[in-house]
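Numbering (mature numbering (1 follows the signal peptide of the UniProt record, and there is no 0)), first residue to last: -20 to -1, 1 to 103.
All C-beta atoms in this analysis are idealised placements derived from N, C-alpha and C, irrespective of residue type, glycine included.
Notes to accompany the following structure.
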Amino acid sequence: MVPWTHYSFLQMVMLTLINCLKYKSFSDQQIKKLAFLCLELFSTLHAIFGYSIENNLKGKVEYLVEEMERRVVEELKVFLQYFAFSLDTRTVPRHLHLKERNLDLSLQRMLLWSDQRFYAKWK
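As structure tokens, then:
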């Protein structure tokens, strides 16, 4: 359960996410599923309460939707930890590396491996 003191932060994150997804023409059903996933995220990844909405979370959602063109609901259902990884130093470089090679990996496989293992495997 999310502590009451974090309610306004949670509300801001949810509204930011919903507005971003509505702008991207996500269906109401998809947005509902993502809202429930966010609640799960907040209950399991407590560090997220220290993240900036504008400077961290929003950019990660936008990159996932716009640049990576991922199936957001399905991917986040399996790998909510996506939000814990650095967009600039981990997600973007690895996504671009794979894109240059026409490879498509799950978020989990793309982000969990160490740099050494990842770049050795996907030369």
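- Taking all protein chains shown into account, Leu67 has 16 or more neighbouring C-beta atoms within 10 Å of its C-beta and is therefore buried.
- Membership of Phe98 in the alpha helix (DSSP H) is indicated by the continuous run Asp95 to Lys101.
- With respect to the 9 Å criterion, Leu85 and Phe63 are not classified as neighbours on the basis of their beta carbons.
- Distance between Ile(-3) and Gln88, taken at the CA atoms: about 23 Å.
- Assignment of Glu34 by DSSP, reduced to helix, strand and coil, places it in the helix class.
- Residue environment: Val52 is assigned as buried (16 or more neighbouring CB atoms within 10 Å of its CB, all protein chains considered).
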